[in-house]
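Colleague: Submitted below is the structure of interest, expressed as structure tokens.
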Amino acid sequence: MGPGLGGLSSQNWPQADRHVSFRSMGLQRCSKIGKSVQDAERSLAVTAELLTLWFDKNARDLPWRRTQDPYAVWISEVMLQQTQVQTVIPYWGRWMDHLPRIRDLAEAPPERVLKLWEGLGYYSRARNLQRAACQILEKHNGVFPQDPDAILSLPGIGRYTAGAIASIALDQPEPILDGNVIRVLTRFFALEGDPKVRPLNQRLWELAAALVEAAYSAEHLGDRRCARINQSLMELGATVCTPGGQPACGVCPVAEACEARRRGQQERFPELPPRVPITGRFFATGIIAHQGRYLLRLREDTEVNRGFWEFPNWETGPSDPPEAVLSEQLGIPPNRWSSQPDLRHHITRYRMTQRVRYASFLPSPNWAKGTWLWATATELESLAMTAAHRKLSLRLVGTFGESRQLS
DNA sequence: AAACCGGGGCC
DNA sequence: GGCCCAGGTTT
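Following this line, the structure appears as structure tokens:
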């Protein structure tokens, strides 16, 4: 055990957190059962220390943990918003290779930024990254700001991401609260209610702040204490205190003090609101080939996925024949279309089906609206396309860049 | 407070 | 198919 843990009242620790409340939370249970604020803060310090030391031994070796460059940490945090670690790893490495500095991002062509983000989804994240990079150049002389409020004011950076950058890259005692931390804290303290809305959300932020401040005060924990305690909460949530009814409490460093585990009710927390129901959507998609090129359309500024190229497509009803809308929109007679396999694609709450039709025909261009392009097989690979249309593109273009013959 | 973002992985 | 993920922004 580390030298710092010895003096703390470890015999009180498991009991203390069962009824703990903290001065900053303004709760009353504490005084009712006669626990002192000093005991509460001491148990908090023990918890912070156990988590930090556990992280030192059990942290995964993730690529962005090998740097303290705020820019690199920032990119990783934004990529990790709603996106899992294993998905992010190759994207982060590629991004840092191509755009290693803030200035590189600010000055890059927007289509290059989108191409680097292709497949990660939630593409406003990429657009906001570049907007923020430009702001850092203009307002902060090209240096990533250190003030948490200045970080928070950048586009695409909310309270979580600002706290993550400030603590992980700059070792400041700023709290973080994400899905992992919500799960860890609601279980540890058996906190009921919706953790995403007040009042529980506010209490969780206060608890997260109390933990990082406890680590900050514990000088014996050594360097980068704020970075380590905050990452320990997320790491524990990702690898031990996992969703569902079977977290790995046997290897949890704070299991003895966990109230949900004491009750055997780990699966009850957090109390997340019901999911939005899943709905199906249907699209008629046309692949129009002409002299080895394929017709693409650029999503316009008013549309979702603006800046991405895609095969011309229109949303239809579940049973509308796709030839009808394709012929009307593209001026190609209905009998010129041949059927291709449907393409299924999932995105958040949508189950999307693209009904694909192929035509080898050059229509008189009545597609006046928007930006169109006859793309070669090589261009298909280099343009930014959303995931569903990238799948479609891979049907046409093999791994050697050869155009594939379709009947 | 709720909807949206038209991504991906896991079971 | 359901659920979750190192969320932020818009309405």
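In terms of our numbering, the first sequence opens at residue 5 and continues consecutively. Don't be surprised by glycine CBs; every beta carbon is placed ideally from N, CA and C. Since the model is a prediction, treat every value here as computed from it, not as a measurement.
#1: Put V401 into one of helix, strand or coil per three-state DSSP.
#2: Taking Cβ positions, are G316 and G290 nearer each other than 7 Å?
#3: Could you check if K61 is buried or exposed, using at least 16 other CB atoms within 10 Å of its CB as the buried criterion?
#4: Out of A213, E53, P104, I155, state which residue places its alpha-carbon closest to the alpha-carbon of T71.
#5: Touch check for the segment 280 to 300 and the segment 257 to 272: three-plus C-beta pairs under 8 Å?
#6: Can you check the segment 278 to 358 for any beta strand (DSSP E) of at least 3 residues that lies completely inside it and give the ranges in chain order?
#7: Can you tell me where the beta strand (DSSP E) with L66 in it begins and where it stops?
#8: Between the alpha carbons of R64 and L240, how many angstroms are there, rounded?
#9: Roughly how many whole angstroms lie between the Cα atoms of Y362 and W313?
#10: Over what stretch of residues does the beta strand (DSSP E) that includes A379 continue unbroken?
#11: Compare the Cα-Cα distances from Q157 to each of A173, S171, L174, A137 and report the closest residue.
#12: Return helix, strand or coil for R363, following the three-state DSSP convention.
#13: Note down the Cα distance separating A264 from A252, rounded to an integer number of angstroms.
#14: Should K119 go down as buried or exposed, given a rule of 16 or more other Cβ atoms within 10 Å for buried?
#15: Measuring straight from C-alpha to C-alpha, what distance separates L330 and I336?
#16: Which residues in the same chain have their Cβ closer than 7 Å to the Cβ of P114, if we skip the five residues on either side of it in sequence?
#17: Thinking just about the alpha-carbon of each residue, which of P74, P94, R187, R131 is nearest to the one in A168?
#18: What do you reckon, is the C-beta of A49 under 6 Å from a heavy atom of the ligand SAM?
#19: Leaving out five residues before and five after A391 in sequence, what residues of the same chain have Cβ atoms less than 6 Å from its Cβ?
#20: When you compare the segment 225 to 234 with the segment 50 to 60, are there three or more beta-carbon pairs, one atom per stretch, that lie closer than 8 Å?
#21: Using the DSSP secondary-structure output, state which residues sit across from M83 in a beta bridge.
#22: Leaving out five residues on either side along the sequence, give the residues of the same chain with a beta carbon under 6 Å from the beta carbon of S364.
#23: Specify whether the segment 192 to 203 and the segment 171 to 180 touch according to this definition: at least 3 beta carbon pairs, one from each stretch, less than 8 Å apart.
#24: Tell me which residue opens and which closes the alpha helix (DSSP H) that S128 is part of.
#25: Out of W376, M100, V360, C262, point me to the one whose CA is closest to W68's CA.
#26: Would you report the Cα separation of D227 and A219, rounded to the nearest angstrom?
Modeller: The short version:
#1: Along the first sequence, read from residue 1 onward, the residue named residue 401 stands at position 397. DSSP places V401 in strand when its eight states are reduced to three.
#2: Mapped onto the first sequence, residue 316 falls at position 312. Mapped onto the first sequence, residue 290 falls at position 286. The identity of residue 316 in the sequence shown is Pro, whereas the question assumes Gly. The answer is yes: Cβ separation under 7 Å.
#3: Numbered from 1 along the first sequence, position 57 holds the residue referred to as residue 61. Answer is exposed; the Cβ neighbour count stays below 16.
#4: Counting from one through the first sequence, the residue named residue 71 turns up at place 67. It is P104 whose Cα lies nearest to the Cα of T71.
#5: no
#6: Along the length of the segment 278 to 358, whole beta strand (DSSP E) runs at least 3 residues long occupy 283 to 294, 297 to 302, 317 to 320, 347 to 351, reported in chain order.
#7: Stepping through the first sequence from its first residue, residue 66 is reached at position 62. Looking at the DSSP string, L66 is not in any beta strand (DSSP E), and its letter there is neither H nor E.
#8: For the purposes of this step, residue 64 is taken as the residue at position 60 of the first sequence. For the purposes of this step, residue 240 is taken as the residue at position 236 of the first sequence. Roughly 11 Å separates the two Cα atoms.
#9: Numbered from its first residue, the first sequence carries residue 362 at position 358. Numbered from its first residue, the first sequence carries residue 313 at position 309. If you take the alpha carbons of Y362 and W313, they lie about 18 Å apart.
#10: In the first sequence, the residue the question calls residue 379 occupies position 375. Following the DSSP letters along the chain, one finds A379 inside the beta strand (DSSP E) bounded by residues 375 to 379.
#11: Within the first sequence, residue 157 is the residue found at index 153, counting from 1. A quick correction: the sequence has Ser, not Gln, at residue 157. The residue with the shortest Cα to Cα distance from S157 is A137.
#12: Residue numbering aside, residue 363 sits at position 359 when the first sequence is read from its first letter. Residue 363 is actually Ala in this sequence, not Arg. Here A363 sits in strand by DSSP.
#13: As a working mapping, residue 264 is identified with position 260 in the first sequence. As a working mapping, residue 252 is identified with position 248 in the first sequence. Roughly 13 Å separates the two Cα atoms.
#14: For the purposes of this step, residue 119 is taken as the residue at position 115 of the first sequence. K119 comes out buried.
#15: Counting from 1 along the first sequence, the entry for residue 330 is found at position 326. Counting from 1 along the first sequence, the entry for residue 336 is found at position 332. Straight through space, the alpha carbons of I336 and L330 are spaced by roughly 7 Å.
#16: Numbered from its first residue, the first sequence carries residue 114 at position 110. Closer than 7 Å at Cβ, skipping near neighbours: Q134, G311.
#17: Translated into positions along the first sequence, residue 168 becomes position 164. The option with the nearest alpha carbon to A168 is P74.
#18: The ligand SAM is absent from the structure shown, which contains no ligand whatsoever.
#19: Taking the first sequence and counting its residues from 1, the one referred to as residue 391 is at position 387. These residues qualify, in order along the chain: G123.
#20: yes
#21: Working through the first sequence from its first residue, we reach residue 83 at position 79. The partner list for M83 (beta bridge, DSSP) is empty, contrary to what the question assumes.
#22: For the purposes of this step, residue 364 is taken as residue 360 along the first sequence, with counting starting at 1. A293.
#23: no
#24: Residue numbering aside, residue 128 sits at position 124 when the first sequence is read from its first letter. Residues 128 to 143.
#25: In the first sequence, residue 68 corresponds to position 64, counting from 1. Closest option to W68, Cα to Cα, is M100.
#26: Position 223 of the first sequence, counting from 1, holds the residue named residue 227. Position 215 of the first sequence, counting from 1, holds the residue named residue 219. Going by the C-alpha atoms only, they are around 11 Å apart.
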